[in-house]
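Asker: Let me begin by handing over the structure; questions about it come next.
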Amino acid sequence: MFCAIIFLHFCHLVDAAKIMSVMEGETVTLHTNISSYNYKCETCYMDYVEWSWFRPKESLNVRVIHLDVKTGDITNYEIFRDRLHMDSQTGSLTIRNIRTTDSGLYQMYSIFSLESFNVTVYARLPTPVITSNSTCSSLSGTLQNCSLLCSVLNVSHVTLSWYKENSVLSSISVSDLSISLSLPLEVEYQDNNTYSCVLNNSFTNLTEHLDISELCQTCADQVHCCGFTEAVIRLVISAVVGVATVAIVIYDIRSRRAERI
1 MFCAIIFLHF CHLVDAAKIM SVMEGETVTL HTNISSYNYK CETCYMDYVE
51 WSWFRPKESL NVRVIHLDVK TGDITNYEIF RDRLHMDSQT GSLTIRNIRT
101 TDSGLYQMYS IFSLESFNVT VYARLPTPVI TSNSTCSSLS GTLQNCSLLC
151 SVLNVSHVTL SWYKENSVLS SISVSDLSIS LSLPLEVEYQ DNNTYSCVLN
201 NSFTNLTEHL DISELCQTCA DQVHCCGFTE AVIRLVISAV VGVATVAIVI
251 YDIRSRRAER I
């Protein structure tokens with residue numbers, strides 16, 4: 001009896017919350033130690049096992065699922081609908097297709113213990129998009145700059161950064177709000193360094209590498225393109241002027257002949 005009392009007192013101590021970070025859409029299992037408690041004390045008996053959920057920044061404790069050990073009946077309180085499953089032998093809780101709104105503190109109660117899991121669910125990151133705007137001097141025909149912009153849409157709790165090799169050049173962060181981020185960068189076309197735009201949160205990151213030769217058009221290419229177009233326009237104008245000149249000469253000759261007659 002004394003052993004049972006000491007054991008029950010020990011089991012009711014609150015464990016430190018286990019920290020878990022997961023990606024939305026995954027299946028997550030919160031593993032408990034109920035089976036080991038059962039094994040250590042055969043005289044102990046569980047009446048129930050219950051899971052509750054504390055939403056982030058709220059003090060409300062919401063019951064999500066309950067196991068009646070005597071009957072084996074499991075009651076799902078429908079807040080997660082059919083995405084929850086509890087193992088009747090171990091008390092472990094499985095959450096399928098977890099969502100960012102499922103983040104929070106999960107606690108398992110039984111006669112033997114109170115176990116806690118602090119779960120953070122991160123949204124899947126979008127791939128950064130790099131765009132450019134190269135400009136040339138119309139007088140010298142030399143490349144002035146290559147202006148780049150790395151952008152992402154509808155993100156929160158992330159950092160967007162430009163890297164040169166392995167060094168951070170610039171970065172911008174956003175916390176709670178779901179907004180669009182853009183980060184500019186200027187490079188020279190002849191720059192042979194490796195640049196990349198990185199979007200990351202506490203869980204993962206996505207990297208988009210910069211291909212300068214593809215995104216930053218050379219002035220030679222621009223001059224070649226514009227020179228060809230300009231040559232065609234000049235040719236057309238010259239032809240029109242030539243035809244007009246011939247017409248004027250013919251008209252002048254005919255007018256003189258008519259005057260002599």
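Residue 236 in our numbering sits at position 236 of the sequence shown, with consecutive numbering throughout. Don't be surprised by glycine CBs; every beta carbon is placed ideally from N, CA and C. Quick caveat: nothing in here was measured; it's all calculated off a predicted structure.
Starting from Ser213, trace the alpha helix (DSSP H) both ways and give me its first and last residue.
Answerer: First-last of the alpha helix (DSSP H) with Ser213: Ile212 to Leu215.
Asker: Within the continuous beta strand (DSSP E) that includes Asp68, where are the two ends?
Answerer: That run of the beta strand (DSSP E) goes Asn61 to Asp68.
Asker: Which residues in the same chain as Met23 place their Cβ atom closer than 6 Å to its Cβ, once the five residues preceding and following it in sequence are excluded?
Answerer: Tyr122.
Asker: Quick one: what does DSSP say Ile268 is sitting in, helix, strand or coil?
Answerer: Past the edges of the chain, shown from 1 to 261, lies residue 268, and the structure says nothing about it.
Asker: Using a threshold of 7 Å, state whether the C-beta atoms of Lys164 and Asn192 are closer than that.
Answerer: Not closer than 7 Å, so no.
Asker: Is there contact between the region 147 to 161 and the region 127 to 134, where contact requires at least three CB pairs shorter than 8 Å?
Answerer: Taking 8 Å as the limit for Cβ pairs, the verdict is that the region 127 to 134 does touch the region 147 to 161.
Asker: Do you know offhand how far Leu153's Cα is from Leu181's?
Answerer: Each residue's alpha carbon lies about 7 Å from the other.
Asker: Hey, how far is the Cα of Leu183 from the Cα of Asp73?
Answerer: Roughly 55 Å separates the two Cα atoms.
Asker: Tell me, please, which residues DSSP counts as bridged to Ile19.
Answerer: Paired residue(s): Asn118.
Asker: Beta-carbon within less than 7 Å of Ile19's beta-carbon, same chain only, minus the 5 sequence neighbours each way: which residues are those?
Answerer: For Ile19, where only same-chain residues beyond five positions count, the Cβ hits under 7 Å are Asn118.
Asker: For the beta strand (DSSP E) that Ser167 lies in, which residues bound it at each end?
Answerer: Here the beta strand (DSSP E) through Ser167 covers Ser167 to Val174.
Asker: Once the 5 residues before and after Ser173 are set aside, which same chain residues still bring their CB inside 6 Å of it?
Answerer: Once the five neighbours on either side are set aside, the close Cβ partners of Ser173 are Thr159.
Asker: On the three-state DSSP scale, how would you describe Thr101?
Answerer: Correct three-state label for Thr101: helix.
Asker: Determine the direct distance from the alpha carbon of Tyr109 to that of Glu42, and round the result to whole angstroms.
Answerer: Since pLDDT at Glu42 reaches only 43, below the 50 mark, its modelled position is unreliable, and no value is offered.
Asker: Pull up the distance between the alpha-carbon of Ile79 and that of Cys197, whole angstroms please.
Answerer: When rounded, the distance between both Cα atoms is 39 Å.
Asker: What distance in whole Å lies between the Cβ atoms of Leu93 and Tyr106, which are believed to be in contact at a cut-off of 8 Å?
Answerer: Going by Cβ atoms, the distance from Tyr106 to Leu93 rounds to 7 Å, so yes, they are a contact pair.
Asker: Measuring straight from C-alpha to C-alpha, what distance separates Asn166 and Tyr195?
Answerer: Cα to Cα, the separation comes out at about 9 Å.
Asker: Is Leu84 closer than 7 Å to Ile65 when the C-beta atoms are compared?
Answerer: Against a cut-off of 7 Å, the Cβ pair of Leu84 and Ile65 comes out as a contact.
Asker: Is it buried or exposed, Ile179, if we count other Cβ atoms within 10 angstroms and call 16 or more buried?
Answerer: Exposed, by the Cβ-count rule.
Asker: Going by C-alpha to C-alpha distance, which of Ser113, Glu186, Ser59 and Thr100 sits closest to Tyr48?
Answerer: Comparing Cα positions, the closest option is Ser113.
Asker: Any chance the CB of Thr207 is under 6 Å from a heavy atom of the ligand FMN?
Answerer: Among the components of this structure there are no ligands whatsoever, and the ligand FMN is therefore not found.
Asker: Alpha carbons only, please: which of Glu186, Thr71 and Asn61 is nearest the one belonging to Ser116?
Answerer: Among Glu186, Thr71 and Asn61, the Cα nearest to that of Ser116 is on Asn61.
Asker: Do Thr120 and Thr32 have their CB atoms nearer than 7 Å?
Answerer: No, Cβ-Cβ distance for Thr120 and Thr32 is not below 7 Å.
Asker: Skipping 5 residues on each side, what residues in its chain have a beta carbon closer than 6 Å to that of Arg55?
Answerer: Only Gly104 meet the Cβ criterion.
Asker: Quick check: what's the CA-CA separation for Lys57 versus Gln190?
Answerer: So the alpha carbons of these two residues sit roughly 51 Å apart.
Asker: Please name the residue in Lys70, Ser88 and Trp53 whose C-alpha comes closest to that of Tyr77.
Answerer: The residue with the shortest Cα to Cα distance from Tyr77 is Trp53.
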